[in-house]
Amino acid sequence: MARIVCLGEAMVELSATASGWSVGYGGDTLNTAIHLARAGHEVAYMTALGEDTFSAHLRTAWAAEGIDGDLVLTHPTRNAGLYAITTDADGERSFTYWRDASAARALFELEVVDAAMAQAEAADLFYFSLISLAILPPQGRQDLLLLAARVRDRGGIVAFDGNYRPRLWESPEMAARMRDKAIATADIGLPTFEDEALLDGARSPQAVAAHWQRLGCGEVIVKLGGQGCLLADGTPVAVPKTLQPIDTSGAGDAFNGGYLAARMRDAGIEDAALCGHALAGWNVMRRGAIPARDEAAPYTAGATISPQ
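Taking numbering that gives the first Met the number 0, the leading residue of the sequence shown gets 0, the next gets one more, and so forth.
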């Protein structure tokens with residue numbers, strides 16, 4: 000069983016329903032963390048929450064999913080962030096956020112963060128995203144990159160998702176600069192072609208993979224949405240047939256969870272990509288960024304997950 004640490008911002012989630020709104024939780028790296036825990040790995044989530052009622056609810060809910068909460072730090076004055084999801088007739092989602100003063104943004108300013116970093120350094124796999132960097136102030140970003148480098152120096156694996164959300168950044172140039180610094184710390188890269196094209200005009204998935212590899216990230220999986228993904232060696236891996244998606248929230252996070260869960264059990268890269276597609280396909284047929292687990296969920300204790 001791998002010891003995995005995922006770092007980022009997780010928030011209270013409001014999802015539109017026919018009768019109103021349902022309350023849950025989500026956040027890109029948290030979604031992946033939960034999928035990894037459901038797949039049987041030992042997973043800790045590193046973030047900061049407040050002392051408010053919603054923060055207490057999030058801690059309880061994550062513990063019920065098997066997430067180790069030792070690295071969920073407490074900010075004395077800030078609270079958990081909040082976001083709402085609405086979807087159109089094709090299942091495409093849009094988000095509204097209330098996160099500017101969330102506790103997670105001050106994670107590396109807390110006095111106890113050094114002890115948490117020391118624990119996180121010992122991870123077999125450390126996972127973060129460009130959103131994890133985006134929410135932090137400049138010094139926090141440097142601290143996160145230092146943590147990733149320390150994990151790698153100690154023999155752990157670092158995985159990085161290039162989730163680009165323009166509204167979170169001062170400028171595209173700053174986002175691209177921080178992305179490249181993060182890539183240089185990573186062993187596994189999980190970019191999305193659409194994000195890369197938006198960020199710096201990448202012209203093809205092959206160009207994205209080449210850029211990430213030039214910066215030192217050897218295992219790059221370029222996600223192509225409904226078209227599947229492209230492996231670093233140029234092999235395309237198609238998405239198994241699915242019905243019309245209900246909600247695409249968290250699809251990429253689910254892919255990452257399926258892929259990393261399989262790789263941490265020594266599955267081959269192509270098999271792991273199929274696992275990622277299977278889990279993402281299950282996710283988009285249910286509402287919410289992290290749907291409740293059910294009998295159809297493609298988790299297993301074995302090395303691979305069937306795409307069927």
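Even glycine gets a Cβ: it sits at the ideal position worked out from N, Cα and C.
Only a predicted model underlies this, so the values are computations on that prediction, with no experimental measurement involved.
Run of the beta strand (DSSP E) containing residue i, from where it starts to where it stops
i: D27; result: Segment D27 to R37 is the alpha helix (DSSP H) holding D27; no beta strand (DSSP E) there.
i: D69; result: It is not in any beta strand (DSSP E) - D69 carries neither H nor E in the DSSP assignment.
i: L48; result: E41 to L48
i: T86; result: L81 to T86
i: M10; result: M10 to T16
i: V283; result: No beta strand (DSSP E) contains V283, which is instead part of the alpha helix (DSSP H) from I268 to V283.
i: L6; result: R2 to L6
i: A105; result: Counting along the chain, A105 falls outside any beta strand (DSSP E), and DSSP gives it neither H nor E.
Close Cβ partners of residue i (< 6 Å) along its chain, the five nearest in sequence each way excluded
i: A279; result: A250, A253 and F254
i: A288; result: G25, N30, S248 and G249
i: R2; result: E41, A122 and D123
i: M284; result: I245
i: L70; result: A43, M45 and A115
i: R199; result: First, the residue type needs correcting, since residue 199 is Asp and not Arg in the sequence shown. Closer than 6 Å at Cβ, skipping near neighbours: A175.
i: Y298; result: R37 and A38
Residue environment, residue i, which counts as buried when at least 16 other CB atoms sit within 10 Å
i: P165; result: exposed
i: G225; result: exposed
i: P136; result: exposed
i: W20; result: exposed
i: V22; result: exposed
i: K240; result: exposed
i: R149; result: buried
i: T52; result: exposed
i: E8; result: buried
i: E172; result: exposed
i: E294; result: exposed
i: V236; result: buried
i: A17; result: exposed
i: E91; result: exposed
i: V111; result: exposed
i: A105; result: buried
i: A296; result: buried
i: A277; result: buried
i: A63; result: exposed
i: A117; result: exposed
Closest Cα partner of residue i within the set the options
i: M0; options: L259, E294 and I289; result: L259
i: Q205; options: T184, G139 and L230; result: L230
i: V95; options: A183, P235 and S14; result: Correcting the residue identity first, residue 95 is Thr in this sequence and not Val. Minimum Cα distance to T95 is reached at S14.
i: P309; options: V236, A88 and Y82; result: The chain is shown only over 0 to 307; residue 309 falls outside these bounds and no answer can be derived.
i: A36; options: M116, L198 and G256; result: G256
i: L214; options: W168, E12, M177 and Y82; result: M177
i: T234; options: R262, D270, H210 and W211; result: D270
i: D99; options: D113, T85 and W168; result: W168
i: L6; options: I134, W97, E64 and I84; result: I134
i: L197; options: I187, S170, G217 and A38; result: S170
i: A83; options: G68, N282, D113 and M10; result: M10
i: G217; options: R58, I268, L223 and V238; result: I268
i: R325; options: G65, R104, S131 and T86; result: What is shown of the chain runs 0 to 307, which leaves residue 325 out entirely.
i: W281; options: I187, D67 and V238; result: V238
i: P27; options: I130, L223 and D232; result: The identity of residue 27 in the sequence shown is Asp, whereas the question assumes Pro. Comparing Cα-Cα distances from D27 to each of I130, L223 and D232, the minimum goes to I130.
i: N101; options: S54, T59, A261 and R262; result: In the sequence as displayed, the identity of residue 101 is Ser instead of Asn. Minimum Cα distance to S101 is reached at S54.
i: D67; options: V219, I33, S93 and H276; result: I33
i: A60; options: R264, R140, E12 and T85; result: E12
Run of the alpha helix (DSSP H) containing residue i, from where it starts to where it stops
i: M116; result: V112 to A119
i: L214; result: Looking at the DSSP string, L214 is not in any alpha helix (DSSP H), and its letter there is neither H nor E.
i: F254; result: A250 to R262
i: L132; result: L129 to A133
i: V150; result: P137 to D152
Sequence-distant residues of its chain with Cβ nearer than 8 Å to residue i (five each side left out)
i: K180; result: L144
i: D152; result: none
i: A147; result: F125, F127, V157, F159, A181, T184 and A185
i: A119; result: V4, L6, A43, M45, L70, F125, L146 and V150
i: R202; result: A196
Own chain partners of residue i with C-beta closer than 7 Å, once the 5 adjacent residues on each side are dropped
i: D194; result: G161, N162 and Y163
i: V221; result: P190, F192, P204, V207, A208, C228 and L229
i: G155; result: A122, D123, L124 and F125
i: W211; result: I182, G188, P190 and V219
i: L223; result: F192, P204 and L229
i: A272; result: I220, C228, L230, V236 and Y258
i: D142; result: F107
Self-check item: Touch test, the stretch 34–48 against the stretch 72–83, Cβ-Cβ under 8 Å, three pairs minimum
Solution: yes
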